[in-house]
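See below for the structure under consideration.
Protein chains in written order, with the numbering used here: chain A, 1 to 273; chain B, 1001 to 1266.
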């Protein structure tokens, strides 16, 4: 109990450190944000395709240019707010031996890392805001949802998406304890994410079996759900189901992260010393 | 001539060492191989979704010609991720740690040394797959290419690679001024993603940017058109000329950058 109290008291300091880190390494921070160009590339493709006739998806819902603009700009906003690179960070620190220093601190690294990434969220909003502005004045605005329930749920949904993304990434990072170099695993994660989350294509444009796999895998809940809340008209039952799935995945991924960490840290050999 | 032979020997030696170093991380190495295949499937997915439902890409790009652009994209990306990107990561790490000193001390050109310092052997399969895609595009078309178009297509593939390499070198040179830029390779990859579609997909200012400012169109759209026999001589010459200009500019910036290098080691 005492330990938990101490961790709580450390949080404001951790957040301040995170802000300072973000400002200090601003070039790196900016580069990470600029790497999310894929939605714009897809946006270019699909608006070009749909510019004359709306694109008919497999499920029969027609996608007009405006639909694609709204969809991919929303993807950019959510991705910007929820994306992080903690897996890369953890695995590098394990590989280079810098993890030793973190283990000495009386604070779970999950808390330390998450606070440092949370501190970057305001800076990320600075990038997300102009995109949101562009979305509101573009043709996409006409197809955004006006359902109050969906708009209210947007904030918790993005927060849950953040937590799932962070926990999954942390789990991957912790795998570095077992295989030392995890670049390939990170690539695999990103590939699965692109496919199943709605990052590459809206879920209803995917071939049937991929769309049904996406329903049960965690990736959709890290991006697709908030985006759909913004851009699709969903009925109440569907919204409730999506939010419940999201909550469940948040709990599961958090447990996974802490468990992988506990198993991994036992094997830590402090490479490089 | 002996200088060329010498640098070729150095390059092969460095790449062989790098390949065996890569294989020491066994799990990573095997997974990397499997991933190469998955990422190819993912690359083709939008193309399948788009043309599988009987749509056409706007402005004269049919199924076969869009596939040809994807084939070139796969080919250039194989070289990018097989050679250029790993070497860049390595260089940035050396600049940061100060190990770049040892590169400068060696009696060979530093640019040649860092350009071939790392490789990912699996990417050879992607290169083969790119050739397969190009062949399949001709099957879809129902007619084979003329020999001179094949020659031009291959030459422009080389020009595209040179352009890619020069852009990479320019970014690497930035590493001498801004030290913590390890993630630059992801940015390069992300910008290059634009090249998976014909540049005609983009409109107005973007098409201009991707043709002249960040010339990704030069790397895939133009060579694909050449192989399909649809590129006029003027555009072909402009592509080759543009690539050569980029090579010269990047060489100059690189020399300026290493003059600015103030070792990070203590």
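From the three backbone atoms N, C-alpha and C, an ideal C-beta is built for every residue, glycine too.
(Q) Please report the distance separating the alpha-carbon of residue 227 of chain A from that of residue 78 of chain A. (A) By one-based count along the first chain, residue 227 of chain A stands at place 227. By one-based count along the first chain, residue 78 of chain A stands at place 78. Each residue's alpha carbon lies about 7 Å from the other.
(Q) Quick check: is the beta carbon of residue 1169 of chain B nearer than 8 Å to any beta carbon in chain C? (A) Among the protein chains of the structure shown, namely A and B, there is no chain C.
Q: Report buried or exposed for residue 1018 of chain B, applying the criterion of at least 16 other Cβ atoms within 10 angstroms of its Cβ.
A: In the second chain, counting from the first residue as 1, residue 1018 of chain B sits at position 18. So residue 1018 of chain B counts as buried.
Q) Can you find at least 3 beta carbon pairs, one from the region 1211-1223 of chain B and one from the region 1126-1136 of chain B, that sit closer than 8 Å? A) no
Q) Comparing the C-beta of residue 1206 of chain B with each C-beta of chain A, is any distance below 8 Å? A) Here the question's residue 1206 of chain B lines up with position 206 in the second chain. It does; some Cβ of chain A falls within 8 Å.
Q) How should residue 1218 of chain B be labelled, buried or exposed, when 16 other C-beta atoms within 10 angstroms of its C-beta is the threshold for buried? A) Indexing the second chain from 1 puts residue 1218 of chain B at position 218. The residue in question, residue 1218 of chain B, is buried, as its Cβ has 16 or more Cβ neighbours within 10 Å.
(Q) Please report the distance separating the alpha-carbon of residue 1261 of chain B from that of residue 1188 of chain B. (A) The residue you call residue 1261 of chain B lines up with position 261 of the second chain. The residue you call residue 1188 of chain B lines up with position 188 of the second chain. Cα to Cα, the separation comes out at about 23 Å.
Q.
Buried or exposed for residue 1230 of chain B, going by 16 or more other Cβ atoms inside 10 Å?
A. As a working mapping, residue 1230 of chain B is identified with position 230 in the second chain. Counting Cβ neighbours within 10 Å, residue 1230 of chain B comes out exposed, since fewer than 16 surround it.
Q: From the DSSP output, read off the bridge partner residues of residue 63 of chain A.
A: Reading the first chain from its first residue, position 63 is the one you call residue 63 of chain A. Note: residue 63 of chain A sits in a beta bridge opposite A/55.
Q: Could you work out which residue in A/97, A/121, A/218, A/13 is closest to residue 269 of chain A when comparing CA atoms only?
A: By 1-based counting over the first chain, the position of residue 269 of chain A is 269. If we check each option's Cα against that of residue 269 of chain A, A/97 comes out closest.
Q | the region 1113-1122 of chain B in contact with the region 1137-1148 of chain B per 3-pair CB rule at 8 Å | A | no
Q. Got a sec: is the Cβ-Cβ distance from residue 1193 of chain B to anything in chain A below 8 Å?
A. Taking the first residue of the second chain as position 1, residue 1193 of chain B is located at position 193. By this cut-off, residue 1193 of chain B is an interface position.
Q. How would you label residue 1157 of chain B, buried or exposed, when you count the other beta carbons within 10 angstroms and need 16 or more for buried?
A. Residue mapping note: residue 1157 of chain B aligns to position 157 of the second chain, counting from 1. With 16 or more other Cβ atoms within 10 Å, it is buried.
Q | Range covered by the alpha helix (DSSP H) that runs through residue 1206 of chain B | A | Position 206 of the second chain holds residue 1206 of chain B. Its alpha helix (DSSP H) spans residues 1204-1208.
**Q.** residue 1102 of chain B versus residue 49 of chain A: straight-line alpha-carbon distance, rounded
**A.** Here residue 1102 of chain B corresponds to residue number 102 of the second chain, with the count starting at 1. Here residue 49 of chain A corresponds to residue number 49 of the first chain, with the count starting at 1. The alpha-carbon atoms of residue 1102 of chain B and residue 49 of chain A are separated by roughly 52 Å.
Q. Counting Cβ pairs, one atom from each stretch, are 3 or more of them under 8 Å apart for the region 1236-1255 of chain B and the region 1086-1103 of chain B?
A. no
Q.
Taking the straight line between their C-alpha atoms, what separation do you get for residue 1038 of chain B and residue 183 of chain A?
A. Here residue 1038 of chain B is taken as the residue at index 38 of the second chain, counted from 1. Here residue 183 of chain A is taken as the residue at index 183 of the first chain, counted from 1. Taking the straight line joining both Cα atoms gives about 15 Å.
**Q.** Whole-angstrom distance between residue 1040 of chain B and residue 1166 of chain B, CA atom to CA atom
**A.** Counting from 1 along the second chain, the entry for residue 1166 of chain B is found at position 166. Counting from 1 along the second chain, the entry for residue 1040 of chain B is found at position 40. Approximately 25 Å between the Cα atoms of the pair.
Q | Length of the line joining the Cα atoms of residue 95 of chain A and residue 186 of chain A | A | Counted from its first residue, the first chain places residue 95 of chain A at position 95. Counted from its first residue, the first chain places residue 186 of chain A at position 186. Spanning the two alpha carbons is a distance of roughly 14 Å.
Q: Give the single residue among A/16, A/160, A/113 whose Cα lies nearest to the Cα of residue 173 of chain A.
A: Here the question's residue 173 of chain A lines up with position 173 in the first chain. Comparing Cα positions, the closest option is A/113.
Q. Near residue 72 of chain A, what residues of its chain come up, given a Cβ to Cβ distance below 8 Å and the 5 sequence neighbours on each side ignored?
A. Within the first chain, the letter at position 72 stands for residue 72 of chain A. If we look at residue 72 of chain A and ignore the five residues flanking it on each side, its Cβ neighbours are 39, 40, 42, 43, 46.
(Q) Taking 7 Å as the limit between beta carbons, can you name the residues of its chain near residue 195 of chain A, skipping five residues before and five after? (A) In the first chain, the residue the question calls residue 195 of chain A occupies position 195. Excluding sequence neighbours, residue 195 of chain A sits near 210.
**Q.** Per-residue burial, residue 219 of chain A [other beta carbons within 10 Å of its own, 16 or more giving buried]
**A.** Locating residue 219 of chain A in the first chain gives position 219, where the first residue counts as 1. Counting Cβ neighbours within 10 Å, residue 219 of chain A comes out buried, since at least 16 surround it.
(Q) Using the three-state DSSP reduction, which class does residue 1041 of chain B fall into: helix, strand or coil? (A) As a first step, residue 1041 of chain B must be located in the second chain, where it is residue number 41. Residue state, collapsed to three classes: helix.
Q: Report the residue ranges of all alpha helix (DSSP H) runs contained in full by the region 135-218 of chain A; include only those spanning at least 4 residues, in chain order.
A: 148-174, 176-179, 183-196, 208-216
(Q) Our contact map puts residue 1224 of chain B next to residue 1072 of chain B with C-beta atoms below 8 Å; I'd like the distance itself, whole angstroms only. (A) Stepping through the second chain from its first residue, residue 1224 of chain B is reached at position 224. Stepping through the second chain from its first residue, residue 1072 of chain B is reached at position 72. Rounded, the Cβ-Cβ distance is 5 Å, consistent with contact.
Q. DSSP on residue 1 of chain A, reduced to helix/strand/coil?
A. One-based indexing of the first chain puts residue 1 of chain A at position 1. Since pLDDT at residue 1 of chain A reaches only 47, below the 50 mark, its modelled position is unreliable, and the value read off the structure follows with that caveat. Coil at residue 1 of chain A, not helix or strand.
Q | chain B within 8 Å of residue 44 of chain A, Cβ atoms only | A | Residue numbering aside, residue 44 of chain A sits at position 44 when the first chain is read from its first letter. With 8 Å as the cut-off, residue 44 of chain A counts as an interface residue toward chain B.
(Q) Between residue 1049 of chain B and chain A, is the shortest Cβ-Cβ distance under 8 Å, so that the two count as touching? (A) Within the second chain, the letter at position 49 stands for residue 1049 of chain B. Cβ-Cβ to chain A under 8 Å: yes for residue 1049 of chain B.
Q.
Here's a check: name, in chain order, each residue in its chain whose Cβ is nearer than 7 Å to the Cβ of residue 51 of chain A, leaving out the five neighbours to either side.
A. Along the first chain, read from residue 1 onward, the residue named residue 51 of chain A stands at position 51. These residues qualify, in order along the chain: 65.
Q | Start-end ranges of the beta strand (DSSP E) lying completely within the region 1107-1179 of chain B, minimum 3 residues | A | none
Q: Assign residue 67 of chain A to one of two classes, buried (16 or more other C-beta atoms within 10 Å of its C-beta) or exposed (fewer than that).
A: Residue 67 of chain A sits at position 67 when you count from the first residue of the first chain. By the neighbour-count rule (16 or more Cβ atoms within 10 Å), residue 67 of chain A is buried.
Q: Using only alpha-carbon positions, find the residue among B/1109, B/1204, B/1177 that is nearest to residue 28 of chain A.
A: By 1-based counting over the first chain, the position of residue 28 of chain A is 28. Considering only alpha carbons, the answer is B/1177.
Q. Going along chain A, which residues have a C-beta under 7 Å from residue 1031 of chain B?
A. Position 31 of the second chain holds residue 1031 of chain B. Chain A residues near residue 1031 of chain B: 184, 185, 188.
Q. With a cut-off of 8 Å, does the C-beta of residue 1261 of chain B fall near any C-beta of chain A?
A. Reading the second chain from its first residue, position 261 is the one you call residue 1261 of chain B. Judged by the 8 Å Cβ criterion, residue 1261 of chain B is not in contact with chain A.
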